[in-house]
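Protein sequences, first through last, are from chains A, B, C and D.
Here full-length UniProt numbering is used: position 182 in the first sequence is 182, and no number is missing along the way.
Here full-length UniProt numbering is used: position 20 in the second sequence is 20, and no number is missing along the way.
Here full-length UniProt numbering is used: position 111 in the third sequence is 111, and no number is missing along the way.
Here full-length UniProt numbering is used: position 232 in the fourth sequence is 232, and no number is missing along the way.
Read the structure below first, then the notes.
Protein chains: 4
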Amino acid sequence: MTASYAAGTPWPRRPPGPNRADERYAQIYETAARLFYEKGYSRTSLQDLANAVGLQKGSLYHYIDSKEDLLFGITEYAHNFFLQLLEGVDEENLSPLAKLERMLRLHAEFAAAHFHVTAAFYNDRSALSEERQERVVQTRDAYEARLRQLVRDGQAAGEVAADVDPRMAVFGVLGMINWINQWYRPEGRMSPQEIATVFATLSVRALRPVCTCTDGDGGRQAPSSAKASPAAP
Amino acid sequence: MTASYAAGTPWPRRPPGPNRADERYAQIYETAARLFYEKGYSRTSLQDLANAVGLQKGSLYHYIDSKEDLLFGITEYAHNFFLQLLEGVDEENLSPLAKLERMLRLHAEFAAAHFHVTAAFYNDRSALSEERQERVVQTRDAYEARLRQLVRDGQAAGEVAADVDPRMAVFGVLGMINWINQWYRPEGRMSPQEIATVFATLSVRALRPVCTCTDGDGGRQAPSSAKASPAAP
Amino acid sequence: MTASYAAGTPWPRRPPGPNRADERYAQIYETAARLFYEKGYSRTSLQDLANAVGLQKGSLYHYIDSKEDLLFGITEYAHNFFLQLLEGVDEENLSPLAKLERMLRLHAEFAAAHFHVTAAFYNDRSALSEERQERVVQTRDAYEARLRQLVRDGQAAGEVAADVDPRMAVFGVLGMINWINQWYRPEGRMSPQEIATVFATLSVRALRPVCTCTDGDGGRQAPSSAKASPAAP
Amino acid sequence: MTASYAAGTPWPRRPPGPNRADERYAQIYETAARLFYEKGYSRTSLQDLANAVGLQKGSLYHYIDSKEDLLFGITEYAHNFFLQLLEGVDEENLSPLAKLERMLRLHAEFAAAHFHVTAAFYNDRSALSEERQERVVQTRDAYEARLRQLVRDGQAAGEVAADVDPRMAVFGVLGMINWINQWYRPEGRMSPQEIATVFATLSVRALRPVCTCTDGDGGRQAPSSAKASPAAP
DNA sequence: GATGAATGAGGTTTCATTCAT
DNA sequence: GATGAATGAAACCTCATTCAT
């Protein structure tokens with residue numbers, strides 16, 4: 001797997017061969033992703049979509065069988081990304097934390113580059129059929145399990161602080177990344193790759209063992225630590 | 001402001017005086033928050049809500065004027081929390097990073113304790129009227145600005161690594177926290193306070209200056225740093 | 001079972017208790033039965049029905065959950081009739097042919113008195129869900145099997161001509177009766193009971209052993225018989 | 001008219017001359033008849049038909065001008081049969097009851113051999129234009145009138161029981177025959193001709209004068225007669 | 001306070017039909 | 001002859017909301 005995720009045309013096509021209608025498919029799915037991002041899946045009507053692509057409402061049904069197909073097609077894009085990510089990363093010969101960092105970087109880059117897609121993936125999953133939700137959830141769970149394992153491996157290797165709770169740590173770094181679609185704008189200052197680097201770095205810093213030396217007070221003055229008792233009830 | 005956020009009955013009441021119907025208001029708003037969380041605001045019908053509280057659909061209109069009122073009431077709960085958080089934290093005499101850590105801890109505790117509320121706040125904001133959205137966004141922006149300022153202050157004080165981008169850092173820690181509603185379950189192993197402590201700690205560790213000493217390998221093995229060139233195109 | 005089939009209000013009611021909306025239910029189902037009879041189920045729109053009962057299209061959904069419910073409710077009327085008919089007739093102490101005649105008479109009377117219902121039952125069954133179709137078909141088959149058995153019993157008792165094929169005979173008499181809805185009009189000359197008597201009599205005459213005596217020419221001039229060779233290919 | 005009805009290619013053709021596309025016409029009309037039989041005219045879409053014949057929906061319009069054309073073409077097949085039947089039977093020199101038996105036999109044979117056609121003819125007539133319906137109804141009425149006249153002639157000749165109501169008798173025998181499409185299957189035990197013979201025989205037996213002699217108990221034990229008072233309320 | 005009938009706008013979907021290619 | 005994109009009307013259905021009781 002390369003650093004960038006760019007499957008050719010990710011959207012479903014009905015006729016298998018090359019087809020001059022492929023542009024329409026892409027146009028429809030891309031517009032749908034944008035509208036779902038802007039208003040939410042349920043608040044986007046097919047009338048909205050038809051208007052945006054310049055078709056009649058009914059004409060959309062040449063390209064889809066149901067509105068849910070649109071959402072599913074979009075979530076499949078993300079789903080397939082995670083599947084590839086799961087397969088790809090183990091091929092490389094890296095330390096656990098390096099692997100983790102690599103996965104998070106790729107994930108974050110994808111989350112920014114395809115923020116419409118990840119927004120649909122996370123916000124409107126409940127609009128998919130039970131069956132389809134389960135598929136998505138299974139892959140998501142496998143992905144999270146892989147990340148947790150890397151954290152544990154990193155702890156065994158001394159790369160990750162022993163007091164880190166792998167579950168919490170993974171929830172935390174995923175939150176950072178999956179939150180990107182809430183604020184990212186393509187016209188913004190930073191590219192998806194730059195954002196990915198920043199977040200991968202922040203994640204690694206959060207996980208690494210706490211420095212205990214004295215030449216610098218970074219570690220000492222941390223105003224509280226994981227051992228700190230929780231705030232008063 | 002105390003460590004825990006617990007405004008008495010946060011839900012709106014139409015008749016201003018005390019009223020034996022207050023329970024109904026609370027029941028309706030709490031049930032709505034749960035349903036919105038489970039299915040999304042738009043996919044939850046007032047019939048669903050009426051069924052869940054044991055009323056007829058029409059009877060709900062004794063308690064609300066519109067469906068949006070429910071969503072607004074719920075988001076107001078979060079909104080008011082942020083307003084209080086903004087006011088409260090400066091009263092304390094703490095270093096910037098300590099203040100930041102305190103805000104994040106309170107925020108995270110709220111995010112877990114009221115995960116239904118924060119989910120509605122972030123996922124269904126686009127269903128509010130323009131006017132109401134703007135109000136919410138303004139407060140959110142003020143909150144984020146305050147956090148960024150604390151990061152910058154921390155950098156000035158040497159508590160926060162100089163190479164941290166305040167915008168990215170704040171987006172990152174907010175993502176961690178606002179993601180809590182995606183995985184938190186009240187019946188889970190950790191209490192909101194414990195979760196809050198963990199995330200506050202992780203955040204602080206991510207922000208603090210990188211340790212450069214040699215007595216310990218925490219710093220050396222960081223597999224990449226913020227200066228690392230982004231992944232290849 | 002009495003000779004006439006008159007269950008009080010045959011149409012479904014949602015709230016179980018007595019209800020002032022029962023009239024509406026009856027009005028809607030009766031109008032639906034009439035419209036389905038006139039134009040067929042598929043060619044009758046809910047708009048047609050709404051217009052006919054003076055409601056808005058959407059208001060019909062207070063009384064039904066789907067258009068198919070209307071068809072199902074109507075076919076249930078016939079379905080229940082056949083179930084009662086199956087149970088009821090054996091209680092009487094009659095000869096096989098007398099029982100058969102009694103069932104056919106009751107069936108024919110029902111077919112005329114409720115010609116809207118039987119028309120829907122037979123013409124639009126394919127619009128019901130698979131599940132519901134199967135239910136109906138099972139009962140229909142049980143009913144036909146009972147009639148065939150009565151024909152066979154009649155043959156054993158010498159009441160029915162031995163050369164009669166029970167399957168064909170039952171198909172024939174059912175055809176007679178189920179065809180009633182094609183021509184019956186309530187304002188016509190004959191009442192359902194009169195029609196039922198005529199058809200029961202015709203059926204019995206068709207089944208009885210052929211007379212072979214000579215005092216009368218009834219038997220002799222039958223222009224062909226079951227033994228006649230089929231028409232030329 | 002021969003005993004079997006087999007007009008060469010009954011389906012309409014647009015280009016009047018002979019044409020290698022005739023097979024397509026036949027295929028389309030026959031498939032349509034089958035589909036209409038299985039699901040009803042209104043519930044069969046042109047997409048269903050196109051799929052079944054291996055064409056695209058739009059391509060059907062090379063062969064038809066409208067969906068109704070298909071139904072009309074099919075009903076015309078039956079319509080023409082009845083016209084031929086009306087013309088043909090009087091040429092023969094037979095007694096009234098023999099003529100009647102002959103017509104019913106031919107009708108029944110047609111009804112079985114072309115059960116798809118007769119099903120469409122009777123079930124979906126209401127989907128034709130007013131004009132076309134009227135044409136069909138006129139022919140049907142003429143046909144029924146001819147049958148009634150034969151019954152009356154048979155009564156005058158003493159071949160048919162005097163107490164038979166010609167209208168009812170004709171409705172009855174037509175019901176038997178027109179019901180055939182509800183149960184006939186080509187792979188069944190009996191051929192259309194055998195079925196036709198059975199039903200013609202049953203009809204004749206039902207109509208003939210009741211035997212009043214004593215050598216045999218066929219007549220005496222008829223459990224009720226046309227004079228019997230109708231069943232109790 | 002509560003009901004439930006009724007509304008009316010708008011949602012997703014189907015489908016016969018047209019037409020440029 | 002055949003395609004398949006596109007249309008537009010109309011279908012079934014949902015639902016927030018109103019209101020007389």
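Note that the Cβ used here is the ideal one computed from N, Cα and C, for glycine as well.
Here C/A112 is actually not in contact with C/A32; their C-beta atoms are around 20 Å apart, not less than 8 Å. Secondary structure of D/W183 (DSSP, three-state): helix. B/Y41: not part of any alpha helix (DSSP H); DSSP gives it neither H nor E.
Beta-carbon to beta-carbon, B/V117 and B/A78 are separated by about 5 Å, close enough to satisfy the 8 Å threshold. Here D/N178 is buried: its Cβ has 16 or more other Cβ atoms, across all protein chains shown, within 10 Å.
Per the C-alpha coordinates, the member of A/D165, A/F121, A/W11 and A/F199 positioned closest to A/F36 is A/F121.
Contact check for C/Y63 and C/R24: beta-carbon distance about 6 Å, within the 8 Å limit, so the pair qualifies.
Shown in chain order are the members of the UniProt domain "HTH tetR-type" (22-82) of chain C whose Cβ falls below 9 Å from a Cβ of chain D: E38, K39, G40, Y41, S42 and R43. For D/G172, the closest Cβ of chain C is nearer than 9 Å.
Interface with chain C (9 Å Cβ-Cβ cutoff): D/R152 is excluded.
Setting aside the 5 residues that flank it on each side, A/F199 is surrounded in the same chain by L104, A108, M176 and I177, each with a C-beta closer than 7 Å to its C-beta; the list follows chain order.
A/L83 counts as exposed, since fewer than 16 other beta carbons sit within 10 angstroms of its beta carbon. Cβ-Cβ separation between C/L46 and C/K57: approximately 5 Å, consistent with a contact (criterion under 8 Å). DSSP places C/N80 in the helix class (H, G or I) of the three-state scheme. In this structure, the alpha-carbon of D/R125 lies about 6 Å from that of D/Q133. From the beta-carbon of C/N178, the residues of chain D found nearer than 9 Å are G175, W179 and Q182. Here B/D69 carries a helix assignment [DSSP, helix/strand/coil].
For the pair B/E131 and A/P10, the Cα-to-Cα distance works out to about 37 Å. The Cβ neighbour count for A/P186, taken over all protein chains shown within 10 Å, is under 16; the residue is labelled exposed. Against chain B, a Cβ distance below 7 Å from A/A162 picks out nothing, because the smallest value is about 11 Å. The three-state secondary structure of B/S129, taken from DSSP, is coil.
The alpha-carbon separation between D/V170 and C/Y184 amounts to approximately 13 Å. Taking all protein chains in view, the Cβ of B/S59 is surrounded by fewer than 16 other Cβ atoms within 10 Å, so the residue is classified as exposed. Residues of the segment 102-132 of chain C with a Cβ closer than 9 Å to any Cβ of chain D, in chain order: R102, R105, L106, E109, Y122, N123, D124, S126 and A127.
When CB distances to chain C are screened at a threshold of 9 Å, the residues of the segment 199-210 of chain D falling below it are F199, A200, T201, L202, S203, V204, R205, A206, L207, R208, P209 and V210, in chain order. Per the C-alpha coordinates, the member of B/E68, B/G158 and B/V136 positioned closest to B/P96 is B/G158. At least one CB atom of chain B sits nearer than 9 Å to the CB of A/A169.
The C-alpha of C/V173 is placed about 20 Å away from the C-alpha of C/D90.
If you ignore the 5 residues before and after A/L128, its C-beta comes within less than 8 Å of the C-beta of E68, L71, F72, T75 and V136, all in its own chain and listed in chain order.
Secondary structure note for B/P166: its alpha helix (DSSP H) is the uninterrupted segment P166 to N178.
Spanning the alpha carbons of C/Q138 and C/T201 requires a straight line of approximately 28 Å. Its chain contains no residue whose beta carbon lies nearer than 7 Å to that of A/Y61 once the 5 sequence neighbours on both sides are disregarded. Under the three-state reduction of DSSP output, C/A119 falls in the helix class. Look at A/D90: its C-beta is not under 9 Å from any C-beta on chain B.
Within chain C, V198 have C-beta atoms less than 7 Å from the C-beta of D/D165, given in sequence order.
Of the candidates D/R167, D/Q182 and D/L94, D/Q182 places its Cα closest to the Cα of C/R140.
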